[in-house]
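Asker: Numbering (our numbering), first residue to last: 7 to 962.
For each residue, glycine too, the CB sits at the ideal point set by N, CA and C.
Remember, predicted model here, so these are calculated numbers, not experimental data.
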């Protein structure tokens with residue numbers, strides 16, 4: 007079989023070259039995606055909820071732009087004009103749904119019509135025709151309006167000291183065919199918007215910052231491409247040097263490296279062909295393959311050189327082919343077993359719901375398989391077609407070089423008291439083993455110490471999948487986020503969606519639902535602006551409903567047949583009900599007070615409170631508040647009354663803990679200054695002079711009819727009769743630990759204070775998505791570890807035909823995983839999407855050390871039953887190889903410390919540590935267990951037969 011294969015060497019080389027060209031051509035279609043949307047499984051409930059919420063309220067894919075001046079204030083005609091130009095131009099950018107900025111955001115205020123009726127109006131914060139944006143007095147008006155509605159504007163469009171403003175661009179989250187908006191389109195949008203800002207800011211002293219998912223995706227792509235360009239050659243160079251120093255021949259140096267480079271092209275090319283996304287985790291595939299995959303080529307080349315050494319006389323084509331054949335016959339089983347065990351480690355995440363983990367698992371395992379195939383096909387083919395003269399020449403040079411090396415070794419041998427280097431190394435490794443696990447008590451103490459330290463480290467381990475943690479704090483992306491989180495409302499978003507449940511047995515025909523004859527509009531009398539609201543149930547024939555055209559409703563059908571044939575219309579619990587609105591508002595206040603990481607909370611109720619306030623602004627000398635201190639607005643007051651009023655405001659604001667702003671706010675509320683006594687959800691039936699709270703629901707509906715504002719549609723699915731509303735929570739943190747605590751707090755509060763029999767409350771958005779990812783990472787990690795250890799048990803048990811062998815082999819690898827988590831806990835490295843693969847690498851590579859040591863031990867055990875001599879012989883035969891391979895793989899991964907991603911630097915360190923611990927435990931725990939319990943599967947054939955005979959004799 008091997009001879010036939012060698013005769014087809016040129017065909018194999020041509021086929022490998024053709025496949026490489028094919029997969030290399032696929033690399034041009036590579037899709038680089040690095041967003042939480044890309045990482046989440048499509049069938050996950052949180053992902054589905056996000057898409058459903060976007061269908062209802064609009065996209066949640068946001069790009070933030072902040073502008074900061076070094077001057078006194080951002081509120082100048084010059085700066086406002088710059089913001090207006092940027093806003094107007096960005097609105098026309100493709101895939102931009104809308105943009106909110108100081109130049110176009112709505113300001114809700116009241117107006118009195120010519121007939122004296124009050125109504126609501128949403129107009130630009132800059133005034134009609136942007137009248138306020140041209141003068142200094144206009145700037146004061148804008149500032150006052152911002153202060154008047156701080157819950158809406160503060161830290162959203164301007165910061166606390168009015169030196170910075172913020173623009174939020176909403177980008178369509180999907181393409182026209184309904185697919186996720188790919189990163190390359192997001193990058194084009196970002197580039198176009200940056201170009202607009204640069205043009206409009208030319209000559210200005212404003213400093214611009216960008217943040218949001220598109221910016222993170224763009225910077226991740228830049229970092230990733232930089233790493234691929236710089237790190238792959240670096241890893242290849244390290245492997246190149248290690249190979250050269252191992253073999254001292256160009257064939258031994260280049261051929262194993264060529265196989266791993268080709269396998270990398272095949273693996274990544276296959277990824278592109280199957281339309282998988284290339285992510286940050288995917289960028290480790292080349293490093294893994296180059297660092298680990300070269301071992302198979304090294305095995306083949308080592309045995310090939312052994313075959314050459316056996317050739318006596320001149321090297322001919324025939325005996326050279328014999329050396330190649332010897333190499334393959336002698337090594338293919340060992341190489342196959344090594345590859346299978348490595349694949350078993352890498353493939354452990356194949357069942358993960360997280361797409362990047364599954365992708366890494368599949369294509370890293372495929373790359374290992376490709377490296378194996380190329381090592382036993384391409385390398386022999388290339389060796390076979392190498393001219394014999396070239397082989398002989400290089401081999402003579404190697405022998406001459408080896409003679410020089412032997413002289414140096416003889417000198418070193420004399421220095422070490424007659425011991426060879428291998429013997430000295432074996433003696434050192436044996437001493438280490440004997441010190442830590444040479445006796446049963448020492449072995450037990452070693453395991454207990456590892457378990458104890460690991461338990462401490464596990465307690466310190468934090469699971470946090472926030473993708474911003476992949477970037478170093480010194481990167482511009484992280485610095486811009488820090489600025490926004492510190493000075494504005496925050497760069498992370500979460501949404502709380504409240505929906506009314508369907509009312510059972512409430513379906514009615516469409517005609518019945520639209521029958522205005524049974525709809526009492528007398529409930530909708532407008533409270534006249536400037537007069538006290540006597541009763542919202544009082545009838546009025548001249549109510550002004552703004553731009554709402556009731557003529558759009560058809561007359562109720564008189565035909566009973568039409569009614570019978572019409573489809574039933576479902577009814578839901580109302581979201582204009584003061585009970586649910588009050589609960590939502592209380593939840594907002596509770597969260598803002600308890601969680602300092604919350605920078606802003608804006609909701610549907612924010613608009614309701616503003617409309618209620620505007621409709622109760624005191625005009626013409628009356629406050630509309632039945633309180634003894636209300637008349638002070640238009641009449642002189644006694645000092646005693648003023649002091650009593652201030653005392654009440656001071657107490658209401660918190661007493662000794664009250665701030666000056668809070669006291670002033672309470673004072674304004676008591677006086678109903680600017681309607682602040684009514685900046686609330688209408689709830690108190692006595693205050694609003696109604697006999698039923700249901701009538702206050704009608705009042706809210708009336709407000710919605712009066713107002714026409716696009717802004718409110720982002721918080722309610724319907725302008726007048728919403729079935730779903732949402733609350734936007736801006737976070738100054740990206741920590742999924744904080745987000746998880748916040749979501750748990752929301753769920754607890756809802757269960758305690760919300761009418762959950764009528765309404766559902768769910769959380770969504772990028773923050774909630776990353777929190778879900780944390781749970782998925784934990785689940786995937788547990789499944790991966792169990793799967794890997796089971797595979798290790800099965801492979802080793804089958805190799806040695808003993809379940810005890812599988813158990814002994816799995817123990818040190820289980821301890822290696824615990825030590826990995828211990829190191830992460832002590833070093834403060836978070837468990838996330840990327841670091842979760844370290845366990846797979848630890849098992850995939852570490853199992854080779856375990857099998858290598860156990861096979862050598864079994865081989866030596868056939869020669870002797872003296873545990874000490876067997877152990878020393880095992881260290882002499884395999885110790886150097888294990889240590890050398892561990893160092894080589896560790897150094898290969900340590901290249902990642904030069905990555906631009908901080909998370910890949912951590913992985914480089916962790917894998918290097920794991921290589922050290924897995925190799926050391928393989929050479930301490932395993933010999934300790936084998937010597938302590940002397941398992942039967944390690945006995946020689948004679949010992950097994952003698953034991954069997956003894957058992958049979960005892961039975962007789």
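Would you mind sorting residue 449 into buried or exposed? The rule is 16 or more other CB atoms within 10 Å of its CB.
Answerer: The residue you call residue 449 lines up with position 443 of the chain shown. Buried.
Asker: Write down the C-beta distance between residue 360 and residue 839 rounded to the nearest angstrom, noting that I regard them as a contact closer than 8 Å.
Answerer: One-based indexing of the chain shown puts residue 360 at position 354. One-based indexing of the chain shown puts residue 839 at position 833. Sure, about 6 Å apart at Cβ, within 8 Å.
Asker: Compare the C-alpha of residue 902 against each of 917, 25 and 893 and name the closest.
Answerer: Translated into the one-based positions of the chain shown, residue 902 becomes position 896. Nearest of 917, 25 and 893 to residue 902, Cα basis: 917.
Asker: Pick out whichever of 279, 790, 115 and 478 has its Cα sitting closest to the Cα of residue 911.
Answerer: As a position in the chain shown, residue 911 is number 905, starting the count at 1. Of the candidates 279, 790, 115 and 478, the one whose C-alpha sits nearest the C-alpha of residue 911 is 478.
Asker: So what's residue 498 in DSSP terms, helix, strand or just coil?
Answerer: For the purposes of this step, residue 498 is identified with residue 492 of the chain shown, where counting begins at 1. Strand.
Asker: Since residue 117 is in the beta strand (DSSP E), which residue starts that stretch and which ends it?
Answerer: In the chain shown, the residue the question calls residue 117 occupies position 111. Residue 117 -> beta strand (DSSP E) spans 112-118.
Asker: What would DSSP say about residue 4, mapped onto helix, strand or coil?
Answerer: The structure shown has nothing for residue 4, since the chain only spans 7 to 962.
Asker: Do you know how far the Cα of residue 387 is from the Cα of residue 18?
Answerer: Residue numbering aside, residue 18 sits at position 12 when the chain shown is read from its first letter. Residue numbering aside, residue 387 sits at position 381 when the chain shown is read from its first letter. Taking the straight line from one Cα to the other gives about 7 Å.
Asker: If we ignore side chains and look at the alpha-carbon of each, how far apart do residue 139 and residue 742 end up?
Answerer: Mapped onto the chain shown, residue 139 falls at position 133. Mapped onto the chain shown, residue 742 falls at position 736. Computed Cα separation, rounded: 41 Å.
Asker: For residue 440 and residue 930, I'd like the C-alpha separation in whole angstroms.
Answerer: As a position in the chain shown, residue 440 is number 434, starting the count at 1. As a position in the chain shown, residue 930 is number 924, starting the count at 1. So the two alpha carbons sit approximately 8 Å from each other.
Asker: So the candidates are 822, 608, 294 and 709; which of them puts its Cα closest to the Cα of residue 127?
Answerer: Residue 127 sits at position 121 when you count from the first residue of the chain shown. Minimum Cα distance to residue 127 is reached at 709.
Asker: Which word fits residue 396, buried or exposed, when buried means at least 16 other C-beta atoms lie within 10 angstroms of its C-beta?
Answerer: As a position in the chain shown, residue 396 is number 390, starting the count at 1. Exposed, by the Cβ-count rule.
Asker: Which residue comes first and which comes last in the alpha helix (DSSP H) that contains residue 745?
Answerer: For the purposes of this step, residue 745 is identified with residue 739 of the chain shown, where counting begins at 1. Segment 742-759, the alpha helix (DSSP H) holding residue 745.
Asker: Taking the C-alpha atoms as reference points, what is the distance between residue 869 and residue 888?
Answerer: Taking the chain shown and counting its residues from 1, the one referred to as residue 869 is at position 863. Taking the chain shown and counting its residues from 1, the one referred to as residue 888 is at position 882. Taking the straight line joining both Cα atoms gives about 22 Å.
Asker: Confirm, please, whether the CB-CB distance from residue 776 to residue 745 is below 8 Å.
Answerer: Working through the chain shown from its first residue, we reach residue 745 at position 739. Working through the chain shown from its first residue, we reach residue 776 at position 770. Contact flag set, yes.
Asker: I'd like the span of the beta strand (DSSP E) that includes residue 609, first residue to last.
Answerer: Here residue 609 corresponds to residue number 603 of the chain shown, with the count starting at 1. Counted as a single uninterrupted DSSP element, the beta strand (DSSP E) harbouring residue 609 occupies residues 604-609.
Asker: Give me, in chain order, the residues of the same chain whose beta-carbon lies closer than 8 Å to that of residue 953; leave out the 5 immediate sequence neighbours on both sides.
Answerer: As a working note, residue 953 is residue 947 in the chain shown. Once the five neighbours on either side are set aside, the close Cβ partners of residue 953 are 942 and 945.
Asker: Using DSSP bridges, identify the partner residues of residue 173.
Answerer: Mapped onto the chain shown, residue 173 falls at position 167. Looking at the DSSP assignment, residue 173 forms a beta bridge with 71.
Asker: Can you tell me whether residue 201 is buried or exposed? The criterion is at least 16 other CB atoms within 10 Å of its CB, across all chains shown.
Answerer: Translated into positions along the chain shown, residue 201 becomes position 195. Classification of residue 201: exposed, given that the 10 Å Cβ count is below 16.
Asker: Let me know if residue 498 comes out buried or exposed under the rule of 16 or more other beta-carbons within 10 Å of its beta-carbon.
Answerer: The residue given as residue 498 occupies position 492 in the chain shown. Buried, by the Cβ-count rule.
Asker: Given that a residue counts as buried once 16 or more other Cβ atoms are within 10 Å of its Cβ, and exposed if not, what is residue 415?
Answerer: Here residue 415 refers to the residue found at position 409 of the chain shown. Bear in mind that the predicted position of residue 415 carries a pLDDT of just 44, short of 50, making it unreliable; the figure below should be weighed with that in mind. Counting the other CB atoms within 10 Å of its CB gives residue 415 a total below 16, which places it among the exposed residues.
Asker: With H, G and I counted as helix, E and B as strand and the rest as coil, what does DSSP make of residue 282?
Answerer: Residue 282 sits at position 276 when you count from the first residue of the chain shown. Coil, per DSSP.
Asker: Candidates 679, 285 and 270: which alpha carbon is nearest residue 292's?
Answerer: Indexing the chain shown from 1 puts residue 292 at position 286. Looking at the Cα atoms, 270 is the closest of the given residues.
Asker: Of the residues 232, 256, 286 and 383, which one's Cα is nearest the Cα of residue 306?
Answerer: Position 300 of the chain shown, counting from 1, holds the residue named residue 306. Considering only alpha carbons, the answer is 383.
Asker: Can you have a look at residue 16 and say buried or exposed, based on whether 16 or more other CB atoms are within 10 angstroms of its CB?
Answerer: As a first step, residue 16 must be located in the chain shown, where it is residue number 10. Classification of residue 16: exposed, given that the 10 Å Cβ count is below 16.
Asker: Could you spell out where the beta strand (DSSP E) holding residue 736 opens and where it closes?
Answerer: Reading the chain shown from its first residue, position 730 is the one you call residue 736. Its beta strand (DSSP E) spans residues 730-737.
Asker: With C-beta atoms as the reference, is residue 610 less than 8 Å away from residue 760?
Answerer: As a first step, residue 610 must be located in the chain shown, where it is residue number 604. As a first step, residue 760 must be located in the chain shown, where it is residue number 754. Cβ atoms of residue 610 and residue 760: not closer than 8 Å.
Asker: Under DSSP, the beta strand (DSSP E) around residue 104 begins and ends at which residues?
Answerer: Position 98 of the chain shown, counting from 1, holds the residue named residue 104. Looking at the DSSP string, the run of the beta strand (DSSP E) that includes residue 104 is 102-106.
Asker: If distances are taken between C-alpha atoms only, which option among 238, 82 and 260 comes closest to residue 211?
Answerer: Working through the chain shown from its first residue, we reach residue 211 at position 205. Nearest C-alpha to residue 211: 82.
Asker: Per DSSP, what kind of secondary structure is residue 82 in: helix, strand or coil?
Answerer: For the purposes of this step, residue 82 is taken as residue 76 along the chain shown, with counting starting at 1. Reduced to three states, the DSSP call for residue 82 is coil.
Asker: For residue 11 and residue 872, what's the separation of their Cα atoms in angstroms?
Answerer: As a position in the chain shown, residue 11 is number 5, starting the count at 1. As a position in the chain shown, residue 872 is number 866, starting the count at 1. C-alpha separation (whole angstroms): 44 Å.
Asker: So residue 342 and residue 295 are in contact, right, with Cβ under 8 Å, and what is the actual spacing, rounded?
Answerer: In the chain shown, the residue the question calls residue 342 occupies position 336. In the chain shown, the residue the question calls residue 295 occupies position 289. In fact, because the Cβ distance is near 17 Å, the residues do not count as touching under 8 Å.
Asker: Using the C-alpha atoms, what's the distance from residue 733 back to residue 802?
Answerer: Translated into positions along the chain shown, residue 802 becomes position 796. Translated into positions along the chain shown, residue 733 becomes position 727. Each residue's Cα considered, the two are about 55 Å apart.
Asker: Give me whichever residues DSSP pairs with residue 215 in a beta bridge.
Answerer: Residue 215 sits at position 209 when you count from the first residue of the chain shown. Per DSSP, 72.
Asker: Please classify residue 542: is it buried, with 16 or more other beta-carbons within 10 angstroms of its beta-carbon, or exposed?
Answerer: Stepping through the chain shown from its first residue, residue 542 is reached at position 536. Caution applies to residue 542, whose pLDDT of 39 falls short of 50 and renders its modelled position unreliable; the model cannot decide the point.
Asker: For a quick check, are the C-beta atoms of residue 618 and residue 689 less than 8 Å apart?
Answerer: Here the question's residue 618 lines up with position 612 in the chain shown. Here the question's residue 689 lines up with position 683 in the chain shown. Against a cut-off of 8 Å, the Cβ pair of residue 689 and residue 618 comes out as no contact.
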